[in-house]
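Protein chains in written order, with our numbering: chain U, 1 to 448; chain C, 1001 to 1328. Read the structure below first, then the notes.
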Amino acid sequence: MRAFFVAAFGALMLLSLVAWRIEPRSPAGKTPLVWVSDDNPARRGQIALFNKLHPEYDLRLDPGSGMEKVILQCLAGVGPDLFDAYGPSQLDSYVRSGAAWDVTDELAKRGIDQAREVWPAALATTVRDGRVYAFPTNIAVDAIWINKDLFDAAGDPYPKGPWTWDAFLRVAQRLTLRDDRGRIKQFGFLCDWWYWPQFVMQWGGRIYSPDGARCVVDSPEAIAAVQFMHDLMYKYHVMPTPVDEASMATQGGWGSGTISYFGTGRGAMAMGGRWWLCTLRDYGRLNLGVVESPYAKRRILRSYTRATLVNRYSPRREQALDFLVYEAGKAYNDLINRQADAVAAVIRYNYTPEFLHNPEHPEEDYNEVWREVVKYGRPDDWSPFINGQTATRILDKQMDLVKNDQKPVPEALRDAARLVNEEIAKTLDMDPSLRLKYYRLTGRERPE
Amino acid sequence: MKSRRHELRAALGFLLPNLLGFLTFTAGPVLFSLVVSFSNWHLHRTIPFQWIWSGNFLALLRDPQFIMYSLNTIYLMLGLPLAVAGSLALAILLSQRLRGIVVYRTLFYLPTFTAGVALMLLWKALYNPEFGAFNAVINRALDLAHADQLVRSLGGAGVSAPTWLLSTKNLWGLEAEYVRVGPGQWGLGARDALIIMGVWIAIGGNNMLLYLAGVANIPTELVEAAQLDGAGRWAIFRNVTWPQLAPTTFFIVVMSCIGGLQGGFEQARVMTQGGPAGTTTTIAYYIYTKAFEEFQIGYAAALSWILFSAIFVITMINWRLGSKELSY
């Protein structure tokens, strides 16, 4: 028995030694940097270019960490050197938790003036209370993808923007096709439900009041907007319901879901960004076009930005800054545009002949549309007085009920606004600095 | 005396690594979480740390989400009696002296050592409303029975296969947001889907192994005596097997209750993200959400201690009631 235990112990020691030896390490003389971002295939090219331009670094991707994990890792002193924020509310969480490094002065020293150089809509994800915490990796404003082959088959002309949702609906109805049993075999329109804030903006509504002090998602404009989105599914039947979506379900992973439904010809039009090309290019001979998203009362389009932050507690934070400088440079921004990973965040790099006509993809003759729609981009409303995750949980629950046709839109949005405002009141009770800010802003101690 | 002291030192030497691990990684964090539950600890640094003593616990009592998610947790435990009964039936079947019985036992135990996430993804596909295996069978049966036309001819709204993980409906007709029965909520939905899957996983799992061991330990003379007295199979089961398995059943019920109250996290994370509309969010998943998504560490710690207290009380009740029934 003793021999067995000794042998097992020896074997485990040996395996540990082997694991230690084969653990991936940065080559000698190189500084390792870890970047938490998503698993978009384009990320590999962006990392390879950085490592080529900066041979002194060995940058690696950590694709599996969400915001909550990054914050905990950073506060525990084992965080990545760089990580991405997806939207203003995530930036706020990183700043308030202390994980984000204020890089205002560092970027200024390196001659980078974000306010002048990047698309204005991107600043909501990089600047908080006048201080710079991140550099935008890219910016996306969605438009309507069209499958030209399906339009040709239906004998319908390709739509041209700007256009209204009424005009859009007529086209979508013509392009929704049913089989002999009356089941829909091709949808006129594919759209992820999380696009609802764009509809709210376009109908003249808001999620929060402009100062962020109150949730106003129960306004008549917001209700009308979500009702229209709901009707696209349940009244006009041009957009798949959750049950239809589940039926079309494909394998998971980055770029799955609506993109793959569209790529496999199950929808004639789809709401999506230029970054869809990172996946759609792999579908082969898709005959694609792009047109500006329709508008309602206002010609506003929802913009969203990914931005890279530096971990305040990283022992290599000075070196990590070089990555932000890289993101501000021509090589990176040209690569973003070539890869079609949305649109380059630095404005001037989008005004090049290469942006309009990528020699590797001459069929993509619609890039001007992507550049134009960014001008109408507006970031999501957010409130500094509530944790973004808490607000999302509340809003998602109510929107889930609407999406599944289990609660009338007005009732769901009224409940959503009430619950979010209650949560704002709770946050103010907890956080004296926010309470003071709220009082200065509104003259009240809590939401009405 | 000297040799006893020597033995004690040796024993402590052997125990120390485990004890240190237990103190550092189990007892320490558990005590720490108790301390934290009396504070407002929040990972946002703008919220100053304060001792709020019973504040989190009182807030919990007023938290409608906590009440809903407790109800979800209890609802998902409704499958426990079925799982226990199924394990027992399976164990009795697999204790027969048949050729190749070891192969059967291994096959039924397979789900237990298959990765949970893989199983859940498989079940997610089975529950697909259009192409899933369940609805393929249900739709065929409904077609053959002309059920839809029949219900419509009787003035009903028709009948269709359930949408499983996408639906807030349930067998009790509970509403998604309030603790009350709501119109149109009766049916099969996400909660029931998780129960069915849970029962399937549990039937062939460790409970079955425990029952197999229990059945094997029943003295053969008791069974033979009953047979000599002319008892049939059912009488033998009712008067010999079942009483003899009482300690095993007691252990399984206690452990299943503990597991059920702590459960639901993996399913929610992999299959439903706690939806639709929070109907598959359990207390365990809510603790995770509060701590690691909303960063309210103090509140999450209080939730954990409430859960612990509930488990402790229920286990004590089980113990009191169950131990009275055990005569050996």
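We put the beta carbon where it would ideally sit given N, CA and C, even for glycine. Fair warning: this is a prediction, and the values are worked out from it, not measured in the lab.
Between the segment 1047–1064 of chain C and the segment 1296–1310 of chain C there are three or more C-beta pairs closer than 8 Å, enough to call the two in contact.
When DSSP states are grouped into helix, strand and coil, residue 271(U) belongs to the strand group.
Taking 8 Å as the upper bound for CB-CB distance, residue 302(U) and residue 389(U) are not in contact here, some 20 Å apart.
Residue 161(U): not part of any alpha helix (DSSP H); DSSP gives it neither H nor E.
Residues 1117, 1120 of the same chain have their beta carbon placed closer than 6 Å to that of residue 1270(C), with the five preceding and five following residues left out of the count. Look at the beta carbons and you see the segment 1255–1270 of chain C not touching the segment 359–378 of chain U: under three pairs across the two are nearer than 8 Å. The beta carbon of residue 447(U) sits closer than 7 Å to those of 213, 214, 421, 424, 425, all from its chain and outside the five residues before and after it, given in chain order.
Counting only Cβ-Cβ distances below 7 Å, residue 1045(C) has contacts in chain U at 96, 97, 98, in chain order. The C-alpha of residue 1129(C) lies about 43 Å from the C-alpha of residue 356(U). Using beta-carbon distances, residue 1264(C) does not count as an interface residue toward chain U, since no partner is under 9 Å. Within chain U, the residues whose beta carbon sits less than 7 Å from that of residue 1278(C) are 397, listed in sequence order. The straight-line gap separating the alpha-carbon atoms of residue 216(U) and residue 209(U) is approximately 6 Å. At a cut-off of 9 Å between C-beta atoms, residue 430(U) counts as an interface residue with respect to chain C. For residue 390(U), at least one C-beta of chain C is nearer than 9 Å to its own C-beta. Within chain C, the residues whose beta carbon sits less than 7 Å from that of residue 68(U) are 1292, 1293, listed in sequence order. Counted as a single uninterrupted DSSP element, the alpha helix (DSSP H) harbouring residue 95(U) occupies residues 88–97. At least one CB atom of chain U sits nearer than 9 Å to the CB of residue 1040(C). For residue 218(U), not one C-beta of chain C is nearer than 9 Å to its own C-beta. Residue-level contact check: residue 139(U) does not touch chain C, since none of the beta carbons of chain C fall below 9 Å from its beta carbon. Among the CB atoms of chain C, one or more fall inside 9 Å of the CB of residue 244(U). Residue contact check for residue 71(U) against chain C: a CB pair falls below 9 Å. Think of a sphere of 8 Å around the beta carbon of residue 337(U): no beta carbon from chain C falls inside it, the nearest being about 34 Å out. With fewer than 16 other Cβ atoms inside 10 Å of its own Cβ, residue 1021(C) counts as exposed. Listed by position along chain C, the residues whose Cβ is nearer than 9 Å to that of residue 383(U) form an empty set, because the closest Cβ is around 14 Å away. Listed as beta-bridge partners of residue 31(U) by DSSP are 57(U). Residues 326 of the same chain have their beta carbon placed closer than 6 Å to that of residue 332(U), with the five preceding and five following residues left out of the count. A direct Cα-Cα distance of roughly 60 Å separates residue 1101(C) from residue 57(U). Interface with chain U (9 Å Cβ-Cβ cutoff): residue 1166(C) is included. For residue 1096(C), the three-state secondary structure derived from DSSP is coil. Taken through DSSP and simplified to helix, strand or coil, residue 141(U) comes out as strand. Counting C-beta pairs closer than 8 Å gives fewer than three between the segment 1310–1324 of chain C and the segment 1196–1205 of chain C, which falls short of the contact rule. For residue 387(U), the chain C residues whose Cβ falls inside 8 Å of its Cβ are 1044, 1294, 1295, in order along the chain.
Residue 421(U) has a beta carbon lying at 9 Å or more from every beta carbon in chain C. DSSP places residue 310(U) inside the beta strand (DSSP E), whose first and last residues are 301–310. Using beta-carbon distances, residue 401(U) counts as an interface residue toward chain C, with a partner under 9 Å.
Residue 77(U) and residue 313(U) have their alpha carbons spaced roughly 6 Å apart.
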